[in-house]
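Okay, so the sequence shown: first residue is 1 according to the UniProt record's numbering, each after it adds one.
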Amino acid sequence: MQSAKAHTDLAKYRVLSPKCGLRVSPLQLGAMSIGDAWADQLGSTTKEKCFELLDAFYEAGGNMIDTSNNYQDEQSEKWIGEWMAARKNRDSMVIATKYTTDYRTHEVGKNKAPNAVGSHKRNMFLSLRDSLAKLQTDWVDILYVHWWDWTTSIEEIMDGLDILVKQGKVLYLGISDTPAWVVAAANTYATAHGKTPFVIYQGRWNVMRRDLEREVLPMARQFGLAIAPWDVLGGGKFKTKEQIEQRQREDGGTLRRMFGGPGTISPDEEAYSAALEKVAGEVGAPSLQAVALAYVLAKAPYVFPIVGGRKVSHLQDNIKALSIRLSPEQIKYLEGVRPFDLGFPTNFLGTDVGQNFFISSAADLEEGTGPPVGKGIEQTTSDLEVDGVSVVNPAAPQVPVSRSPSWLDKTRRFARSPIGLYLVIGIPMTAWWCVGMALQKDKDFPLIHTLVWLGVMWRLAAWIRPLRAFVSTLADRVSSKLVRPGRHILSRRWCLALGVLVTLCVLATGTFVPKDNDRGTRGQRALSGLGLFVILGGLTLTSKNFKMINWQAVVVGTLAQCCLGLFVLKSSVGYDIFKFIVDMAIKLLGSSSEGVIFLTDAEVAKLPWFLIGVAPPIIFFVAFVQLLSHWGVTQWLVKKFAAIFFSTMRVSGAEAVVAAASPFLGQGESVLLIRPYLPLLTAAEVHQVMASGFSTVAGSVFYAYVSMGIDGTAILSSCIMSIPASLVVSKLRYPETDEPLTAGKLEIPEEAVEDKAHNALDAFSKGAWLGLRIAGMILAGLLCMLSLLALLNSLLGWWGEYINIKDPLLSVQLIMGYVFFPVAALLGLQKDEIQPIAQLIGTKVVANEFVAYNLMMQDPAFSGLTERSKLIGTYALCGFGNLGALGIQIGILTQLAPSSSKRVTEVAVSALVAGIMATLTIQGNSDPVIQIPAAPTIP
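Written out as C-alpha cells, the structure is:
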C-alpha cells in the first residue's frame, strides 16, 4: 500500500539526530512570541492570535514547539498548555522547553528567589515541576540547559538531568548557548558513566553570524547532535528596504531588538539583506527570509531552524523555504558578502585532508576522503555535501582499524553467551544434582539442593531471549485473565478492605488455632496481637498527616510480615530454607577463623572473647560484600527484593532500595546505593531511609549475635521482615506529601568513577579496609558504652542506697524496665518476665542491641527467662534503634548530602521512634506463629 503524500513540506518529518529517533517537522515553532508580557520588546499580540498561529503550524504538519520556563514571564508555557488541552493534541506534539534562566523574579521580586536561576539541580527540579504544570503535561520531549552558567559542575548537571530522564518526566536532553568544550565534556562524562547525553544543540546561527561553524558544528557532528539554530532571520533585521520602512512606521521609527543594541539596521545587515534579496529573485523565493532559512538548511544535516513571528503569513513564507535549493555558487555568493575566518587551528590545518599541507606534501589525496566524523555516525563523502556544497568537515580522530577476533576473544564471547553459560555452569550443576539424587534415593528428598539447582537453572534461562519472552508473555496473559479483571470488579477501597480482612484472618489463625503449650497460650498470643494493633493505632493517631497515609503500603506490608512469619516459623519448607541460609552464613563468616589462626594461633581462635570471635567475621564479611558489589551481585539481589515491595506497596524507588538493602548492608552502607538521589529526597523519604536503618541489623554483625547463642533463624527472619515493617511504620508516622523524584522508577545508580574499584582484587582490598574501620567502630563503641553504663550504674547505685534502694540496686536497666514496662506488657509475656524484657528493650535503646543481647545471654539476672521469652526478646531487640545509631545516621546523611541536613535533623528523632516501633511490630507479627527451634550452633 502506498503511503499518503505529505500535504506540505512541513509535514515531511525527519529523524532528529543520529542519536535520537524522534520524528519531527523540519522547522520548529519558536514560542518566545507566544504571550503579551514582553510586548515592549517583541510587539503586542493576543491569545486568540497566538492560538491562530499555533493552529496554522499544527495544521500544516508542524509538530515541534520550542519554548522556555521564562518566555513572556511564563505566559508562553501557560498558553501552549491551554492550547494543547483545548485541541487535545498533546500526544501529537514534540514539546521542548528550557531551564536555567530566572523565571520567578518577575513575580516575587529581586533577591526573593536566588535559586530560581542557574543550572543546578534545585532550579532544574523546580523549573521542570512548574513547566509541567504550566504545559499541562506529564512529560516534556526535550529539556534544554538554556545556557552555561559557569558555576554548576558538569557532573551535577548530567547527574540531575539523567535522574529526570529515568523518572520519565523528560525524554531527551538538549543544551543551548554553551561553549563546545562544555558540551563535549558533558557528553563524554554521560557516556562514560552510563547516563543520558545531549542529543540536540541550540545556538545562534545565520548567514551573517557564522560563529557556530568554528567549534559547535564540528562538535555536533562528532557526538551526533542535531542543531536547532535561532536568530536565523537576523532578529527580524534581514528585510528589504520596503519592509524596513513599513516596520519602522508600525514601530514608531525604530525596530525592536530583544538583546539590546540600536534599533536600526546596521551596514552589515543591509549588505546581507541585499544579497539575500538578490538570491531570492534568482530562485523565485517568496521572501529573502526564506532564503536565509534555506541557507542554514543547506549547510549541514540534522538542522531544525526555529522560526518565530506573530503572523500566520510569515509562517507560511517560512514553510516555503523547505522547497528552496541553493546552488553552490549562490551559497558562496552569500558567504562572500563579508569575510569569515574559521580561526586557528582550522584555518591552519584545513577542514579536510585535501587541504592539509602536511598530508598533501607527502601524497595527493582527493578532497572529502577523510575518516567518518564521530564514532557510531555513518558518514560518507556525500553526507559531507548538500547539493554539491561543502559543509563543515573538521579533522576527526582516526577510527581504529578493525581486526579479526582472536581465538581467545572468540572463547570469551562464547563463554559469556547463553549456550556457553549452560555448558560451563548448567550442565555441571545438573549432573551434580542428578548424581546426588541417585546416591540419596533412600534418604529424605533433598529440598535445599533441588532449590539451589532450580535457582541456578532459572537464572541461566533468564538470559535466553526467546524463553524470557515466552515467560513474559505467559505472565502477561495470566495477569490479564486473573489479576486485571479483578481490578475492574473491585475498587481500590474494596481491595484494601479485603487485604485487611485477610491479614486479620492470618493473625487470628496463628493466634487461636494452636492449642496452649510451652510456646505460649492463646491469651499470650492474643495479647501480642493486640500490642501490634496498639502500636499501629498509636502511629496513626500521631501521624504527621493522617489524610495522606498510604494505606496500601500499610495493609500490604503488615500482611507481608504475617506471611513471612508463617512461612519461616510454621512451614517446614520455609524453616528448612532459612535454616540452610543461616548455616551457610555461619560457615561463610566462620571461615574468618582461618585468618585468625594464621595471624595468631589455633588456641587463640578458640578463645571465647568478643574481640576474637566478632571482629574478624565483620572484616571478612564487609570485604566479601564489596567483592560481590564489584561483580554486581549485591545490587542485583537488592533490586530483586526492592522490586517486590516497590510494586506492591507503592513506595518510591529510593525507599524500596534502601529498605531492601538495610538488612544486608546496614544503616550506613545502604544509603550509598542511592547517593546521587540523596540531596533530592523528600522529607518523608529521608524519614523512611533512616527508619529502615533503625529497624534492622546488618549482615556484618550476624555472626556476632549467633556466637552469643542467639537463634540465627530468628535474626534472619527478623531482618527480612524489617523491610515491609519499616515501610509500614514510616508511612504511618510520616506520610508522603510531595512528589518524589524516584516515584515510579526503581533504579540503583552506577557507582562514581572515583569510588569504583579497578578490579575484583582492588574491591576486596578496599572492602577489607572498610571492614576494619567498621569493626573498630563497633569495638570502640561497645567498650565506651559498657564502660559508661558501668559508671552510670555505679553512680545510680550509690545514689539509690542513700534512700534505701538496695535490692536490686538502682541502675539504668532498672529505670528502663519501668519506662518500657507498658511496651513489654503488650508482647505476650508471662507476668514475671515483663520487667526483665522491658529492661532489655530500654538497654537496647539507651546503649545498643549488643549490650542488650549480652545481658540476656550472659547476665545471671536474666538466666531465668523461658525459651519463649528469649525468642520474643530476640525479635524485640533485633534493630539498630538506639541513641548512638541516631548520631551515626545523622552524621552519614549530612556528610553525603549537606544540602539536606535540615530535613535530616528535623525527622531524625521521629525516624528513630519509627525504627524502634517497626522492630516491635515484627515481634507482634511473629508471636502468633512462634515455635521454639533449636538454635544453630557454630562449628
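Where a beta carbon is used, it is the ideal one built from N, C-alpha and C, also for glycine.
Host beta strand (DSSP E) of Arg492 (start-end): Run containing Arg492: none in the beta strand (DSSP E); it sits in the alpha helix (DSSP H), 492-512.
Three or more C-beta pairs below 8 Å linking the segment 637-655 and the segment 704-718: no
As assigned by DSSP and simplified to three states, the class of Ser707: helix
Is the CB-CB distance between Ser68 and His120 below 8 Å? no
Quick check: the segment 203-223 against the segment 331-344, are at least 3 beta-carbon pairs closer than 8 Å? yes
Nearest to Ile154 by CA position, among Tyr172, Phe198, Thr503, is which residue? Phe198
Let me check understanding here. Comparing Cα to Cα, which of Gln813, Leu761, Val657 lies closest to Thr742? Val657
Contact between the segment 817-831 and the segment 519-529: three or more CB pairs below 8 Å? A contact is defined here as three or more CB-CB pairs under 8 Å, and the segment 817-831 meets this definition with respect to the segment 519-529.
Going by other Cβ atoms of all chains shown within 10 Å of its Cβ, with 16 needed for buried, is Asp162 buried or exposed? Per the 10 Å Cβ criterion, buried.
Beta carbon of Gly308, beta carbon of Met32: below 8 Å? yes
Quick one: give me the first and last residue of the alpha helix (DSSP H) that Gly538 is part of. 522-541
Ordered list of beta strand (DSSP E) runs contained in the segment 853-883, each at least 3 residues: Listed in chain order, there is nothing to give.
Exposed unless 16 or more other CB atoms sit within 10 angstroms - verdict on residue 954: Because the chain in this structure spans residues 1 to 939, residue 954 falls outside the shown range and cannot be described.
Please go through the same chain and pick out, in chain order, the residues whose beta-carbon is closer than 6 Å to the beta-carbon of Pro286, but skip the five residues on each side of it. Non-local C-beta neighbours of Pro286 in its own chain, meaning closer than 6 Å and more than five positions away in sequence, comprise Asp317, Lys320, ordered along the chain.
Bounding residues of the alpha helix (DSSP H) (the contiguous stretch that carries Ala184): Membership of Ala184 in the alpha helix (DSSP H) is indicated by the continuous run 180-192.
Segment contact, 8 Å Cβ cut-off, at least three pairs: the segment 661-671 with the segment 545-559: no
Check whether the segment 627-642 and the segment 776-787 touch, using three or more Cβ-Cβ pairs below 8 Å as the test. The segment 627-642, when compared against the segment 776-787, does not touch it at the 8 Å Cβ threshold.
Cα-Cα, which of Met93, Lys47, Met64 is closest to Gln75? Lys47
List the endpoints of the continuous beta strand (DSSP E) containing Ala116. Neither: Ala116 is in no beta strand (DSSP E) and is coded neither H nor E.
Rounded to whole angstroms, how far is the Cβ of Gly203 from the Cβ of Pro229, which I believe are closer than 8 Å? 7 Å
Note down, one range per segment and in chain order, each beta strand (DSSP E) of at least 3 residues found wholly within the segment 33-97. 64-66
Run of the alpha helix (DSSP H) containing Pro229, from where it starts to where it stops: First-last for Pro229: 226-230, but that is the beta strand (DSSP E), not the alpha helix (DSSP H).
Whole-angstrom distance between Phe621 and Phe578, CA atom to CA atom: The alpha-carbon atoms of Phe578 and Phe621 are separated by roughly 19 Å.
Touch check for the segment 903-915 and the segment 872-886: three-plus C-beta pairs under 8 Å? yes
Using the DSSP secondary-structure output, state which residues sit across from Cys20 in a beta bridge. Ser17
My output table needs one value for Tyr302: the three-state DSSP class, helix, strand or coil. coil
In whole angstroms, what separates the C-alpha of Gly234 from that of Ser313? 18 Å
Around the C-beta of Cys784, are 16 or more other C-beta atoms found within 10 angstroms, so that it is buried, or is it exposed? exposed
Cα separation between Glu801 and Ile815? Answer to the nearest angstrom: the Cα atoms are 15 Å apart.
Just verifying my parser: in three-state terms, what is the DSSP assignment at Leu796? Helix.
Residues bridged to Phe198 [DSSP beta-bridge criterion]: Partner(s): Leu173.
Exposed or buried, which one is His758 when buried takes at least 16 other CB atoms within 10 Å? exposed
Can you tell me where the beta strand (DSSP E) with Leu29 in it begins and where it stops? 28-30
Is the segment 102-109 close to the segment 713-732, with three or more CB pairs under 8 Å? Contact fails: fewer than three Cβ-Cβ distances are below 8 Å.
Mapping the DSSP letters down to three states, classify Tyr99 as helix, strand or coil. strand
Beta-carbon proximity list for Thr540, same chain, < 6 Å, skipping 5 on both sides: Leu732
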